[in-house]
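Data block below; observations after.
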Amino acid sequence: MTAEQQEHPSAGEPKMKSIVRGLIGGMLAGAILVGLAWGGYAALRYTRHRLSRALHEPLKRIVLTHAPGWLSAAILDKLAQEAVNFTVFNSKHPEYGARLRDPLDGGILKIIAQHYMDHQSSGENAWIKSIVYVRRAWLPRQQIIEIDAEYRRPAALLITQGKGYLLSASGVRLPGTYLPVDFERLEWLPWLVHTHVSAVGRGERISSPAVEAGLSLVKLLRPEPWHAQVREIDLSNIGGVVSKTDPEIVLTTRDGHEVLWGMPPGQEGFYEVPAARKLMMLSEVNRLYGSIDAGQAYVDVRGDQVLVPRRDRNQPVGAAEQATQ
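Just so you know, we're using our numbering here: the sequence shown kicks off at 899 and counts up by one.
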């Protein structure tokens, strides 16, 4: 090798050194990434272990929080048991039990919430209108699952084919089937009768003009201080299927008298006074006589004036005449 060659090394040597340095740097970076990944995994395992030891005592119970007072403890217990059966005793998804006990698994909580909404016909689930949240909570030496929900409230009792079914304000059938012997203890609800509909499954919405008209009237009457005087809402003539001249809706009071209401709210047209006018007339009758039926066999509020049965000649002047004035 000449002196000139020694002073001027080949151009390939710097390139080779650059490649070697790149390889060494890549190996170091890879080692660092592997170390970080392993450290993260180890930290996750440690966190899970510490939670399991310090916080995650055995799962004790599932509770429904902020439940309304009118919903019985027995129903709430069944709703909680639904979540237990779905997770701990689920033969199709045996892994759900372990996931429920894992304090870092939030996905199983979403699965529980969706289960209630997807299986409204199961058990008592139809009482739940929507799920607000499902979350974990820790008490001393135990973990619990809290379920907060919005609940459907009974609005009326649908009586059809000799049985009674609770309905929500939107027409969803709530759990439970009631026999005539049970009706009296449900007298705090208005009864929808003669609807010509068959019962549907729990959690399903009843699609019927008669039921829809009845529930619309229930909603209208509810704010009135005298609404509890109404026991039955007879819907047999909705749409004039029985008679075009008879009232489509007839109310029966607890005294067994009738209020000839007429068309469903909002459908009066030119033939009857608006529903608001009917409410005003019934309120005035109630103020004068202490009841919306004025103690008469019937009260007709379809026209501009309240009509009652014509007074018998031997009957003293009283409610029958005064109610029409």
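Here a beta-carbon is modelled for each residue, glycine too, at the ideal position from N, C-alpha and C.
Taking Gln979 as part of the alpha helix (DSSP H), name the residues at either end of that continuous run. 971 to 985
Assigned exposure category for Gln1223 - 16 Cβ within 10 Å defines buried: Because the pLDDT at Gln1223 is just 44, under 50, the model does not fix this residue reliably, and the value given afterwards should be weighed accordingly. Exposed.
Helix, strand or coil at Ile1136 [DSSP, three-state]: helix
Beta-carbon proximity check, Ala978 vs Ile1026, cutoff 9 Å: no
With burial defined as no fewer than 16 other Cβ atoms inside 10 Å of the residue's Cβ, what is the status of Gln1213: buried or exposed? For Gln1213, the predicted structure reports a pLDDT of 46, less than 50, and the residue's modelled location is therefore unreliable. The matter cannot be settled from this model.
Please give the ranges of any alpha helix (DSSP H) in the stretch 981 to 1025, keeping only runs that are unbroken, at least 4 residues long and fully inside the region. 993 to 999, 1005 to 1016
Apart from the five residues just before and just after Leu1084, which ones in its own chain have a Cβ nearer than 6 Å to its Cβ? Leu1055
By the 10 Å Cβ neighbour count, where 16 or more other Cβ atoms means buried, how is Trp1089 classified, buried or exposed? buried
Alpha-carbon to alpha-carbon, Trp1124 and Asn1184: 8 Å
What's the gap between the Cα of Leu1072 and the Cα of Thr1150? 24 Å
Mind checking who Thr1075 pairs with in its DSSP beta bridge? DSSP lists no partner for Thr1075.
Could you pull the DSSP bridge partners for Ser1066 from this structure? Pro1052
I need the straight-line Cα distance from Pro1207 to Lys1061, nearest angstrom please. 34 Å
Using a Cβ-Cβ cutoff of less than 6 Å, which residues in the same chain neighbour Val1091 once the five nearest sequence positions on both sides are dropped? Ile1057, Glu1130, Asp1132
Classify Trp1159: buried if its beta carbon has 16 or more other beta carbons within 10 angstroms, exposed otherwise. buried
Evaluate Asn983 with the Cβ neighbour count: other Cβ atoms within 10 Å of its Cβ, from every protein chain shown; 16 or more gives buried, anything less gives exposed. exposed
Quick check: what's the CA-CA separation for Ala845 versus Ser1028? Because the chain spans 899 through 1223 in this model, residue 845 falls outside it and cannot be assessed.
Taking the alpha-carbon positions, what's the Gly1069 to Tyr1063 distance? 11 Å
Classification of Thr1224 by the beta-carbon crowding that lies within 10 angstroms, buried from 16 upward: Examination of residue 1224 is not possible in this model, given that the chain is present from 899 through 1223 alone.
Would you kindly report the start and end of the unbroken beta strand (DSSP E) that includes Tyr1196? 1196 to 1198
How would you write the range of the beta strand (DSSP E) that Val1206 sits in, first residue to last? Unbroken run through Val1206: none, as it is neither H nor E.
Which residues in the same chain have their Cβ closer than 7 Å to the Cβ of Val1128, if we skip the five residues on either side of it in sequence? Pro1088, Leu1119, Leu1149, Thr1151
CB of Tyr1049 within 9 Å of CB of Leu969, strictly: yes
At which residues does the alpha helix (DSSP H) containing Val1109 begin and terminate? 1107 to 1119
Looking at the unbroken beta strand (DSSP E) that takes in Val1098, where does it start and where does it end? Per DSSP, Val1098 belongs to no beta strand (DSSP E) and is neither H nor E.
Please classify Thr1093 as buried or exposed, where buried requires at least 16 other C-beta atoms within 10 Å of its C-beta. buried
Contact between the stretch 1193 to 1204 and the stretch 1168 to 1184: three or more CB pairs below 8 Å? yes
Taking Val1157 as the reference, give the member of Gly1164, Pro1078, Leu1205, Val961 with the closest Cα. Leu1205
Please report the Cβ distance between Ala1111 and Pro1162, rounded to the nearest whole angstrom; I am assuming they are in contact, meaning their Cβ atoms lie under 8 Å. 4 Å
In the structure shown, what three-state DSSP assignment does Leu1087 receive? coil
Can you tell me whether Glu1022 is buried or exposed? The criterion is at least 16 other CB atoms within 10 Å of its CB, across all chains shown. buried
Could you give the distance in angstroms between the alpha-carbon of Pro1145 and the alpha-carbon of Thr963? 46 Å
Of all the options Lys976, His1155, Leu998, Glu1082, which has the alpha carbon lying nearest to the alpha carbon of Ala1195? His1155
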